[in-house]
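Peer 1: Let me begin by handing over the structure; questions about it come next.
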Amino acid sequence: MGFLTALGVDPRNVVFSSDTSEEQGRQFGKGRGTVDCCYPVKCISGHYGELVFGQKQKLDILLSPMIYNLPSFLSGHVAKSLTCPRVMAAPENIKAGFIKEQDAFAEAGIQYVTPFVSLDEPLLVPKQLFETMREALPGLTYEETGRAVEAGFRALRDFSHRLRKKSREVLEWCARENRACLMVIARPYHMDPGIGHEIEVDLQAYGYPILWMQYFPIDDDLMQWAFGEDIRAGHIKSAFDIRDVWPSSYSSNTNEILWGAKVAARIPWIACVVRMSSYECGMDQPTYTPVQQIVERSGTLFFSFQDLDSTKPSGSVKIRVETITHYLEKYAGTIIAKKKAAMPAGCPFLPAA
Amino acid sequence: MATIATDHYRAYTPRPFTRAERDSVTILFGGLHWRIERIIQAVLESSGYKAQILPVATKQDLLTGRETADIGQCCPTSFTTGNLVNFLKKESKQVGVEEVNEKYVYLTAGSCGACRFGQYHASYELALRNSGLERFRMFLMAQDNLDQNMGDGLDLNLPMTLGCLWGIFCTDLVQDLEYQVRPYEVLPGQTEAVVKESVEYLYTVFRNRPKMSPKKSVLWHLTTPYFVRAMREVHKKFSEIEVDRLRVKPKVKITGEFYLQTVEGDPNYNIHRWLEAEGAEVYPAAITIWMDYLLRLGLQRFEDYSGIEKHARLKLGLGRVAQGIYRLTVSRLRRAMGDLPHESPSQFELRRLAAPYFHRNLDGGEGDMLVGKTLWAYHKKKAHMICELSPYSCMPNTMSIGAMAGVIGKYPEILYAPLEIKGDAEVHALSRCQMILTEAKKRAQREFDEALTRTGLSVDEVRAYIQMHPAMRKATYAIPHDGTAAGTAANLVLHVAKKLGR
Chain B
1 MGFLTALGVD
11 PRNVVFSSDT
21 SEEQGRQFGK
31 GRGTVDCCYP
41 VKCISGHYGE
51 LVFGQKQKLD
61 ILLSPMIYNL
71 PSFLSGHVAK
81 SLTCPRVMAA
91 PENIKAGFIK
101 EQDAFAEAGI
111 QYVTPFVSLD
121 EPLLVPKQLF
131 ETMREALPGL
141 TYEETGRAVE
151 AGFRALRDFS
161 HRLRKKSREV
171 LEWCARENRA
181 CLMVIARPYH
191 MDPGIGHEIE
201 VDLQAYGYPI
211 LWMQYFPIDD
221 DLMQWAFGED
231 IRAGHIKSAF
241 DIRDVWPSSY
251 SSNTNEILWG
261 AKVAARIPWI
271 ACVVRMSSYE
281 CGMDQPTYTP
291 VQQIVERSGT
301 LFFSFQDLDS
311 TKPSGSVKIR
321 VETITHYLEK
331 YAGTIIAKKK
341 AAMPAGCPFL
351 PAA
Chain Y
354 MATIATDHYR
364 AYTPRPFTRA
374 ERDSVTILFG
384 GLHWRIERII
394 QAVLESSGYK
404 AQILPVATKQ
414 DLLTGRETAD
424 IGQCCPTSFT
434 TGNLVNFLKK
444 ESKQVGVEEV
454 NEKYVYLTAG
464 SCGACRFGQY
474 HASYELALRN
484 SGLERFRMFL
494 MAQDNLDQNM
504 GDGLDLNLPM
514 TLGCLWGIFC
524 TDLVQDLEYQ
534 VRPYEVLPGQ
544 TEAVVKESVE
554 YLYTVFRNRP
564 KMSPKKSVLW
574 HLTTPYFVRA
584 MREVHKKFSE
594 IEVDRLRVKP
604 KVKITGEFYL
614 QTVEGDPNYN
624 IHRWLEAEGA
634 EVYPAAITIW
644 MDYLLRLGLQ
654 RFEDYSGIEK
664 HARLKLGLGR
674 VAQGIYRLTV
684 SRLRRAMGDL
694 PHESPSQFEL
704 RRLAAPYFHR
714 NLDGGEGDML
724 VGKTLWAYHK
734 KKAHMICELS
744 PYSCMPNTMS
754 IGAMAGVIGK
764 YPEILYAPLE
774 IKGDAEVHAL
784 SRCQMILTEA
794 KKRAQREFDE
804 ALTRTGLSVD
814 EVRAYIQMHP
824 AMRKATYAIP
834 HDGTAAGTAA
844 NLVLHVAKKL
854 GR
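What follows is the structure in structure tokens.
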């Protein structure tokens, strides 16, 4: 929105597709799939269909960027910050389902705009967006695009900063009250209620604060405290270096997942990690064991919801949630105490001794 | 509940492979086809290493891979991890685990980006650990500065890299000609024997490459007639084979994910040989083309940064020159083979053809090249059918295949067989392929009949002409392909007609 509004697009004229749901897929995406793959990509057919066929007012442009890499807080400390090959190529793949018989976009009078964007390469983004969007937005200039890109990145930074600040407040509260919280380690699309099935919401209902790994506070004092010993021992070069656990650090979200596991292992009040992963996720597959090992070796509880698909397995989720909360109730205090005993001195969440 | 360990988890770090161990340690490698593996062995041996090729992966390896690594792997990961584990276990039974840990190191490529190919190490590591081989040394040849703690035992220097590269060029050409010839050989088994002899000959050629400094090595490889002479010799060996090219066969182009299109064995249901047995002429996928694609993909970064980053245009220009030299080198060796092996398609043409369906920068796997190759083969009548080998759960490949739905929507006449290869669902995949192959056979026959009708020739007349011209019965006789027909037999008819002035 930061980018679009800076371009002069009225926010009232921007329509987002709804949260993912099975109903959406059935109603708008049926028969549009071209290949069997993970649900987070497969469900995009439903989103496209809803925007093309399910609007009261006709849309002019369907904007679905192909995102090559992501602006990660780990950038510069890892090899690359690429997106998953499926997520990256999804707009081309899903498009095929809408043009294979007739061009559904053209028939609906919609311009299908899919800029290829390297969001981790800010210098390149204005060029990439300008080249694709100038056809859809006549009169658009390169300078205008550049300014809008800056506004977009600013909005993204502000949003992340706000959430990280909130996460720090949660951790400070946990430290003050000596209470346990949970960290969710998952990909960003698991925040969509139709993909992550709101498992963390069910857990939160039991009174445990939830932190998402993506928005963990990364303030210098906290990072130095959590990773200082590893840096001094030469295991890593900085707090955001993950070479000690994951040498092939190419994928942005995979890198963040591994880092999230590391940080969860080091923070005493994170008594439990909940891992989510979608069916047939090739990016998550090689990380199952390392992530579990990183977390469990620190004594932190680890629970994983794998193979999430379109249907919410409500019964099993309920049983798992009850199991998790039972374990937390029984062991959280001991886990926090043990992790505190093992933590380095000078925790920024605690008053100076 | 787990208790707190004294140390945090750390990734597997192999003991370094040291220079002093070169004489006692054998480097294991594999995962390609036997021709190039044999030449890489020659290159490694000529550089002073002991090298051993892993056996071709089998279904048993697939099961072992699935058992010992995390659930949900793509099938190339299962095959390759299982293959390594089973080999090591077998060796361990004979000489003991400790001896295996000391005697062997495993070398593999493993860093191309975000797909699992870049993360194979995690599967290998887990599989080794679950098999009691956690002390075994495995090294990934990284394309960047990742510290793999390899030690100084293996020096990936320029002469060795160039040796491998030239080895790929030469064996690609041999493989291509082999597949063009075998379906038409008059004496069954002759092609096989000639290919084996040729590869062994090339083994000696690469084993005996003169030793020189890295700088000299570049110049030497680019200018020497050493390899051209060797390929002429291979050409001569092929000329001994008598062929009957009037057998009407559909031409099937293999595309797909790199590992599956390259290996020949259980990992791809032995599809090359199966297609031949079913009466097809296989057009194999050259490693050379894949590397040309990687060059193009890399250079696109400079295209994108032109006007943004200083010297991007210069780097692009230099890169294009390097790519030109690469293609010229392949052409030079191909010429030594009488220009018989298929030419490499222009990467720019593939990109242009794929553009409406798949963005050129979409990374991982073979990207837009899969779409481009299919359209290229269709428009230029290079094959009757495309057989695309897609590993179960392969992330980038499923995306290209999905995009192909748009291509098939526009060109429904393309005979396109995307086969999902799981490793253990052979009947399903092959029967699917057979359905499309049946159509391809009909198309090849129709094309042949049309060529006869158009030229007014009969099969007997063409055969009689060939009998009168013994050179045309040689495997090395070049039949022109002008883009009017895909099949070898149809092209032969058109060629004879031209010779006869019809």
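Residue numbers (the numbering used here), protein chains in the order written: chain B, 1 to 353; chain Y, 354 to 855.
Virtual Cβ for every residue (Gly too), placed ideally from N, Cα, C.
These numbers come from a predicted model, not from an experiment.
1. Answer with yes or no whether the minimum CB distance from B:PRO344 to chain Y is below 8 Å.
2. Hey, would you say Y:ALA850 sits closer than 8 Å to Y:THR806, going by beta carbons?
3. Which ranges would you report for the beta strand (DSSP E) in the segment 396-443 of chain Y if only whole runs of at least 3 residues count?
4. Spell out whether any CB of chain B is found under 8 Å from the CB atom of Y:ASN844.
5. Would B:TYR250 and B:LYS80 be called neighbours here (beta carbons separated by less than 8 Å)?
6. Does B:SER357 have its Cβ less than 8 Å from a Cβ in chain Y?
7. Please decide whether B:LEU7 counts as near chain Y, where near means a Cβ-Cβ distance under 8 Å.
8. Could you run through the segment 93-104 of chain B and flag, in chain order, every residue whose CB is less than 7 Å away from some CB of chain Y?
9. For B:GLY2, tell me which candidate among B:ASP309, B:TYR189, B:ALA148, B:PRO344 has the shortest Cα-Cα distance.
10. Could you give the C-beta distance for B:THR289 and Y:ASP360, rounded to a whole number, given that I count them as a contact under 8 Å?
11. Please work out which residues of its chain come closer than 7 Å, Cβ to Cβ, to B:ALA202, disregarding the five sequence neighbours upstream and downstream, and give them in chain order.
12. Does Y:ILE761 come out as helix, strand or coil in the three-state DSSP assignment?
13. Taking CB distances under 8 Å as the criterion, tell me whether B:GLN285 reaches chain Y.
14. By the three-class DSSP mapping on this structure, what secondary structure does Y:GLU741 have?
15. Would a check of beta-carbon distances place Y:ARG469 closer than 8 Å to chain B?
16. Between B:GLY228 and the rest of its own chain, which residues show a CB-CB distance below 7 Å, the 5 nearest in sequence each way excluded?
17. Does Y:ALA633 pass the burial test, meaning 16 or more other C-beta atoms within 10 Å, or should it be called exposed?
18. Is the distance from the Cβ of Y:PHE489 to the Cβ of Y:MET503 below 8 Å?
19. Which chain B residues are close to Y:HIS781, counting only those with a beta carbon under 9 Å from its beta carbon?
20. Indicate the three-state DSSP secondary structure (helix, strand or coil) for Y:GLY683 in the structure shown.
21. Below 8 Å on the Cβ atoms is my contact criterion, and I expect Y:THR682 with Y:PHE522 to pass it. Report the Cβ-Cβ distance as a whole number of Å.
22. In chain Y, what lies closer than 8 Å to B:GLU280 by C-beta?
23. Give the C-beta separation of B:PHE16 and B:GLY54 to the nearest angstrom, bearing in mind that I take them to be a contact with Cβ-Cβ under 8 Å.
24. When we look at the beta-carbon of Y:MET788 and count the other beta-carbons within 10 Å, is it buried (16 or more) or exposed?
25. At a Cβ threshold of 8 Å, is Y:MET752 touching chain B?
26. Could you say which of B:ALA337, B:ILE99, B:TRP259, B:ARG157 lies nearest to B:TYR48 if we only look at CA atoms?
27. Starting from B:PHE130 and walking both ways along the alpha helix (DSSP H), at which residues does that stretch end?
28. For the segment 203-237 of chain B, which residues have a CB atom closer than 9 Å to at least one CB atom of chain Y, in sequence order?
29. Please report how far the alpha carbon of Y:LEU628 lies from the alpha carbon of Y:HIS781, in whole angstroms.
30. According to a CB-to-CB cut-off of less than 8 Å, which residues of the segment 689-717 of chain Y neighbour chain B?
31. Under the DSSP definition of a beta bridge, which residues are partnered with B:PHE303?
32. Going by C-alpha to C-alpha distance, which of B:LYS127, B:LYS56, B:VAL52 sits closest to Y:GLU656?
33. Let me know the alpha helix (DSSP H) ranges lying completely inside the segment 637-725 of chain Y, each 4 residues or longer, listed in chain order.
34. With a threshold of 16 other CB atoms inside 10 Å of the CB of Y:GLY660, please say whether the residue is buried or exposed.
35. Counting C-beta neighbours from all protein chains within 10 Å, is the total for Y:ASP500 16 or more, i.e. buried, or is it exposed?
36. As a quick exercise: from Y:ARG654, Y:TYR554, Y:MET738, pick the residue whose alpha carbon is nearest that of Y:LEU715.
Peer 2: With the given structure in hand:
1. no
2. no
3. 403-406
4. no
5. yes
6. Nothing about residue 357 of chain B can be reported from this structure: the residues present for chain B run from 1 to 353 only.
7. no
8. ASN93, LYS95, ALA96, GLY97, ILE99, LYS100, GLU101
9. B:ALA148
10. The pair is not a contact, with the Cβ atoms about 17 Å apart (cut-off 8 Å).
11. In the sequence as displayed, the identity of residue 202 of chain B is Asp instead of Ala. VAL317, VAL321.
12. helix
13. yes
14. strand
15. yes
16. PRO344
17. buried
18. no
19. None at all; the shortest Cβ gap to chain B is about 14 Å.
20. Reading off the sequence shown, one finds Val at residue 683 of chain Y, where the question assumed Gly. Helix.
21. 7 Å
22. GLY425, SER746
23. Not really, about 12 Å apart at Cβ, beyond 8 Å.
24. exposed
25. yes
26. B:ILE99
27. 125-136
28. ASP230, HIS235
29. 15 Å
30. TYR710, PHE711, HIS712, ASN714, LEU715, ASP716, GLY717
31. B:VAL274
32. B:LYS127
33. 640-658, 665-689, 700-707
34. exposed
35. Any reading at Y:ASP500 needs caution, since the residue's pLDDT is 46, under 50, leaving its predicted position unreliable; the model's value is listed next. Exposed, by the Cβ-count rule.
36. Y:ARG654
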